[in-house]
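**Student:** Dropping a structure here in structure tokens format, bear with me for questions.
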Amino acid sequence: MSEVIDSYDYVRILEDDASELLTYSVVEPEFSPEERRVVDNPAEFMGDYKSILSRLEFLRTSTEKEEFLGEYIRKHLEDKNISPGNREIIVSLVMDKIFFGYGKIGPMMRDDHLEEIMVNGVDIPIFIVHRKHGMCLTNIRYESKEELYELIGWLSKNSGRHIDEKTPLLDGHMPDGSRANVVISPASPKGPVITIRKFRRQPFTILDLIEKKSLDSGLAAFLWVCIEGFGIHPCNILIAGGSGSGKTTFLNALTMFTPQYERVITLEDTLELNFDFLKNWVALEASPSLISKGEGKIDMQTLVENSLRMRPDRIILGEIRGAEAQTIFVAMDIGLNGSMGTIHSNTAKETTIRLTSEPMNLPIVMFPLLDLIVVVNRRYDKNRGIIRRVTEVGEVAGLEGDVVQIGEIYKLNPKTEEIARTKYPILLTEKIARRCMLTKQQVNMEILKRKFVLEAMIKRGIRDEKEIIKLFQQYHNNADAVLLKLGIAERMHAKKPQ
Ligand SMILES: Nc1ncnc2c1ncn2[C@@H]1O[C@H](COP(=O)(O)OP(=O)(O)O)[C@@H](O)[C@H]1O
Ligand SMILES: [Mg+2]
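Our numbering applies: residue 363 is where the sequence shown begins, and numbers increase by one.
Next up, the structure:
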């Protein structure tokens, strides 16, 4: 017997006594014969979709594309007298089929509750990782190899990367920006395997992460000051963590503190960062040697070097894996402050070791150019779902001989499972004060003000990404006006920083 333990839109989450895994079940609505014809054969009812496809190329973001397409299909459906009740779901299904190439996984691609979609082969149920329910089986499977190869074809085309027997691995992305990895035979003898890291339509903002207790408002305010650096000298920060721990998400949220007058260049192996909220943002992507049979290979290091000729204010590396580590530190050395990146590592200490050993080989004397290492972690709790926390913030305090000294200024309290200040003083506040010609008290006061701003924004239910970023920018331009607007001005007068 299975029991529905959660349901929304067209999704039911089922618990079955006989199975250890929950089932994620997609229920298709009842269609009339006319509607069914449109869903099964959309190309037939929209003869001119090829010309539409070419118009899509001129639109920048996937949201813009989706809005444009939605309008277009909706209009066609109205002309066809499709009932309004099913119109929206049909619009989505048609888009999945003929424009995005999602096919079967369309409903899952549109579900923001999902973190990952895993296709393990033909005629095997697709697995998903649900934000709330963890790993689930689904009621969806690819029934034939052809159907699955159709998706792989779309993926390869969409990311401009080739896949065949000689180069059976592909890192690409879906039209909505989700990252996808494909392995085919002979590397995966049992058939194609596709792993999709779902892109969130609504990216997490720092306020979301505070609400989810991934960090607290005090730490967020401290990071805001570090990242904005009073418009004078921002800090260099690395986000460390295991796979799927939330590094990229955290980096994305932190970048929203960047002032709009800065030019930001991101460098990634596979495009994932989405800084559409920045006005002067350029995304560069390295191409692996696998594509184009070795020709035109551009590695991360070359890309980082090139980015330095593009007059960046900051460069941000999606994932630091190899020799590019040195280049980004060279960039910091020539005054490119505010550089950030993510790195695969579980503690601040481990990060120092990884960076200074093979294959990154960062000369240890360069290490003090880095200011902070923020460590994030994920674990699964049966009752609470997936829990993601900042577990440690380490500041680079200097070198002692050939050992990097890390000051652990924030640490996860295992009892409360919340991040908390440790007893160690924060040297970075003094550094920031010196760099920006302020007193330590002024820096601390600023952190306090921003903490109040973040808390007031949460209290007022400000959720919209655009509104949040606008407030951050307004704060950089005229802090007093924002303090007044959020009703914090009086509160500040009563407070004296320590
Ligand atoms: N603090 C968080 N709370 C809830 N979900 C999160 C959080 N951080 C990340 N996620 C989700 O976890 C998944 C993996 O996050 P991502 O940032 O891509 O991890 P990483 O870069 O470490 O591999 C994504 O689906 C993302 O939306
Ligand atoms: Mg990542």
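Cβ coordinates follow ideal geometry from the N, Cα and C atoms, glycine included.
Closer than 8 Å by C-beta to Ala851: which residues in its own chain qualify, once you throw out the five before and the five after it? Chain order, please.
**Tutor:** One-based indexing of the sequence shown puts residue 851 at position 489. Excluding residues within five positions, the ones whose Cβ falls inside 8 Å are Asp842 and Leu845.
**Student:** Report, in whole angstroms, the separation of the C-beta atoms of Ile831 and Arg493, which I expect to be a contact under 8 Å.
**Tutor:** As a first step, residue 831 must be located in the sequence shown, where it is residue number 469. As a first step, residue 493 must be located in the sequence shown, where it is residue number 131. Ile831 to Arg493, Cβ: 23 Å. No contact.
**Student:** Do Pro548 and Pro530 have their CB atoms nearer than 8 Å?
**Tutor:** Sequence index remark: in the sequence shown, residue 548 carries index 186 (1-based). Sequence index remark: in the sequence shown, residue 530 carries index 168 (1-based). It is a contact, given that the beta carbons lie within the stated cut-off.
**Student:** With a threshold of 7 Å on Cβ separation, who are the neighbours of Gly769 within its own chain once the five nearest residues in sequence on each side are excluded?
**Tutor:** To locate residue 769, count along the sequence shown from 1; it is residue 407. Closer than 7 Å at the Cβ level, and outside the excluded window around Gly769, lie Gly756, Glu757, Ala759, Tyr786 and Leu789.
**Student:** With three or more beta-carbon pairs closer than 8 Å as the criterion, would you say the segment 461 to 474 touches the segment 536 to 548?
**Tutor:** Yes, they touch.
**Student:** Quick one: residues in its chain with C-beta nearer than 7 Å to the C-beta of Thr486, no 5 flanking neighbours on either side, listed in chain order?
**Tutor:** Counting from 1 along the sequence shown, the entry for residue 486 is found at position 124. Looking at the sequence shown, residue 486 is not Thr but Ile. Around Ile486: Arg503.
**Student:** How far does the alpha helix (DSSP H) with Leu455 in it reach, from first residue to last?
**Tutor:** Position 93 of the sequence shown, counted from the first residue, corresponds to residue 455. Here the alpha helix (DSSP H) through Leu455 covers Pro446 to Val456.
**Student:** Does Ile556 pass the burial test, meaning 16 or more other C-beta atoms within 10 Å, or should it be called exposed?
**Tutor:** For this step, residue 556 is matched to residue 194 along the sequence shown. Under this definition Ile556 is a buried residue.
**Student:** Do Leu679 and Leu629 count as a contact pair if the criterion is CB distance below 8 Å?
**Tutor:** Taking the first residue of the sequence shown as 1, we reach residue 629 at position 267. Taking the first residue of the sequence shown as 1, we reach residue 679 at position 317. Yes. Within cutoff.
**Student:** DSSP has Tyr386 in a bridge; who is on the other side?
**Tutor:** On the sequence shown, position 24 is the one that residue 386 refers to. Answer by DSSP bridge pairing, in chain order: Ile375 and Thr500.
**Student:** With a threshold of 7 Å on Cβ separation, who are the neighbours of Ile414 within its own chain once the five nearest residues in sequence on each side are excluded?
**Tutor:** Working through the sequence shown from its first residue, we reach residue 414 at position 52. Correct list, in chain order: Tyr434.
**Student:** At a cut-off of 7 Å, would you count Thr611 as near ligand 1, judging by its Cβ distance to the nearest heavy atom?
**Tutor:** The residue you call residue 611 lines up with position 249 of the sequence shown. Checking the Cβ of Thr611 against ligand 1 gives yes.
**Student:** Would DSSP call Glu779 helix, strand or coil?
**Tutor:** Taking the sequence shown and counting its residues from 1, the one referred to as residue 779 is at position 417. DSSP places Glu779 in coil when its eight states are reduced to three.
**Student:** Measuring alpha carbon to alpha carbon, tell me which of Lys466, Asn699, Glu573 and Gly409 ends up nearest Gly593.
**Tutor:** Translated into positions along the sequence shown, residue 593 becomes position 231. When only C-alpha atoms are compared, the closest one is Asn699.
**Student:** Please go through the same chain and pick out, in chain order, the residues whose beta-carbon is closer than 8 Å to the beta-carbon of Tyr772, but skip the five residues on each side of it.
**Tutor:** The sequence position of residue 772 within the sequence shown is 410, counting from 1. If we look at Tyr772 and ignore the five residues flanking it on each side, its Cβ neighbours are Leu581, Val752, Glu754, Val755, Ile781, Ala782, Arg783 and Thr784.
**Student:** Just reading off the beta strand (DSSP E) that Glu512 is part of, what are its end residues?
**Tutor:** Counting from one through the sequence shown, the residue named residue 512 turns up at place 150. From DSSP, Glu512 is part of no beta strand (DSSP E) but of the alpha helix (DSSP H) over Lys507 to Ser521.
**Student:** Please tell me whether Leu581 has its Cβ less than 8 Å away from any Cβ of chain B.
**Tutor:** Going by chain labels, chain B is absent from the structure shown, which holds only one protein chain.
**Student:** Quick check: does the Cβ of Thr704 come within less than 7 Å of any heavy atom belonging to ligand 3?
**Tutor:** For ligand 3, the structure offers nothing, since it holds only ligand 1 and ligand 2.
**Student:** Smallest Cα separation from Met728: which of Ile690, Asn739, Tyr372 and Asn745?
**Tutor:** If you number the sequence shown from 1, residue 728 lands on position 366. That would be Ile690, whose Cα lies nearest to the Cα of Met728.
**Student:** Can you check DSSP and say which residues form a bridge with Val491?
**Tutor:** Within the sequence shown, residue 491 is the residue found at index 129, counting from 1. Val491 is bridged to Glu478 and Met497.
**Student:** Using CA atoms only, rank isn't needed, just tell me which of Asn443, Asp368 and Asp379 is closest to Val400.
**Tutor:** Start at 1 with the first residue of the sequence shown, and residue 400 comes out as number 38. Nearest C-alpha to Val400: Asn443.
**Student:** Determine, using beta carbons only, whether Pro565 and Leu510 come nearer to each other than 8 Å.
**Tutor:** If you number the sequence shown from 1, residue 565 lands on position 203. If you number the sequence shown from 1, residue 510 lands on position 148. Cβ distance not < 8 Å, so Pro565 and Leu510 don't count as in contact.
**Student:** Nearer than 7 Å: is that true of the beta carbon of Leu571 relative to any heavy atom of ligand 1?
**Tutor:** Your numbering for residue 571 matches position 209 in the sequence shown. Under cutoff, so the answer is yes.
**Student:** Looking only at its chain, what residues have a beta carbon closer than 6 Å to the beta carbon of Pro721, apart from the 5 residues adjacent to it on each side?
**Tutor:** The sequence position of residue 721 within the sequence shown is 359, counting from 1. Closer than 6 Å at the Cβ level, and outside the excluded window around Pro721, lie Gly684.
**Student:** So Gly760 is in the beta strand (DSSP E); what residue range does that whole segment cover?
**Tutor:** Within the sequence shown, the letter at position 398 stands for residue 760. Looking at the DSSP string, the run of the beta strand (DSSP E) that includes Gly760 is Gly747 to Glu762.
**Student:** Which partner residues does Arg825 have in the DSSP bridge list?
**Tutor:** Position 463 of the sequence shown, counted from the start, is the residue given in the question as residue 825. Arg825 pairs with nothing; no bridge assigned.
**Student:** Go ahead and label Glu428 buried or exposed: buried means 16 or more other beta carbons lie within 10 angstroms of its beta carbon, across all protein chains shown.
**Tutor:** As a position in the sequence shown, residue 428 is number 66, starting the count at 1. So Glu428 counts as buried.
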